[in-house]
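Taking it in order: structure first as structure tokens, then the write-up.
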Amino acid sequence: MTPLTALAADNSQSLASLGIPALLYKPAPSGSGEYTVTIQILAVMTLLSVLPSLLIMMTAFTRIIVVMAILRQAIGLQQTPSNQVLLGLSLFLTLFVMMPVFQKINTDAIQPYLNEQMTSVQALETGVKPLHEFMLGQTRENDLDLFMRISGSQNIATPADTPLHVLIPAFITSELKTAFQIGFLIFIPFLIIDLVVASILMAMGMMMLSPVIISLPFKIMLFVLIDGWALIMGTLANSFGTV
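Just add 847 to the spot in the sequence shown (first one is 1) and you have this note's numbering.
Here it is in structure tokens:
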């Protein structure tokens, strides 16, 4: 046992004698060790402050929220649906898309860790793999090559070996590209309605009347008649393919 490990073990025993078992340190025969589950949970709770960033960077949330924002802008409604509604809708659709990935993380990493079948480090490494596979499957090769060149990572044998610090920015870039492509296709029919209404008003000499006031009901009616929300939801869910 190294002096540092012995010191940590002595301190843990002292804290345990004071009735603080959460800070127990369990040394291993190899000289390494880890803290008990309670102190590890405390560390996880501290890391929850970065959960919003992880939600945006490593899941389907980015593509979904950008498409929803473009849809609202294309219809011409500035505050309807509200930001809270769009965020909630995007969050639950993200959970729907990511559920196979989350279930795999729970089966392969969380449950074995809670049953003390693997250490926290092993659980973290195992839990990252499904997210890595998901992001890799949604990332364009040219975006991945771009960030590999920027980072100087030229010794990667297979795409599965791509480090997260390279994969995450490439994934976000690909998600933004895909979201804007979907948004462009959504914008076209609403833009055509705006052009037709503006041309009719100009031909009638009603140039002082804003075309937005007239075109907005027609755009809402078109969106309702074609069951637009179901089409948008289905398109976004199917755009991720098999996860």
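C-beta atoms are modelled at their ideal positions from N, C-alpha and C, and glycine is treated no differently.
query	result
Determine the closest residue to residue 909 out of 942, 1008 and 1058, with distance taken between C-alpha atoms.	942
Does the contact criterion of 3 or more C-beta pairs under 8 Å hold for the region 909–928 versus the region 1020–1033?	yes
With C-beta atoms as the reference, is residue 948 less than 8 Å away from residue 928?	no
Using the Cα positions of residue 832 and residue 1039, report the straight-line distance between them to the nearest angstrom.	Only positions 848 to 1090 of the chain appear in the structure, and residue 832 is not among them; the question remains open.
Relative to the C-alpha of residue 987, which residue among 1020, 998, 1063 and 1037 is closest?	1020
Evaluate residue 1071 with the Cβ neighbour count: other Cβ atoms within 10 Å of its Cβ, from every protein chain shown; 16 or more gives buried, anything less gives exposed.	exposed
In angstroms with no decimal places, state the Cα-to-Cα distance between residue 1010 and residue 953.	22 Å
Mapping the DSSP letters down to three states, classify residue 981 as helix, strand or coil.	helix
Just mark residue 878 as buried or exposed, buried being the case when its beta carbon has 16 or more other beta carbons within 10 Å.	Summary for residue 878: the model assigns pLDDT 47, below 50, so the residue's position carries little reliability, and this model does not support an answer.
State yes or no: is the C-beta of residue 1048 within less than 8 Å of the C-beta of residue 1058?	yes
Kindly indicate which residue of 901, 1044, 1075 and 1050 has the alpha-carbon position closest to the one of residue 1060.	1044
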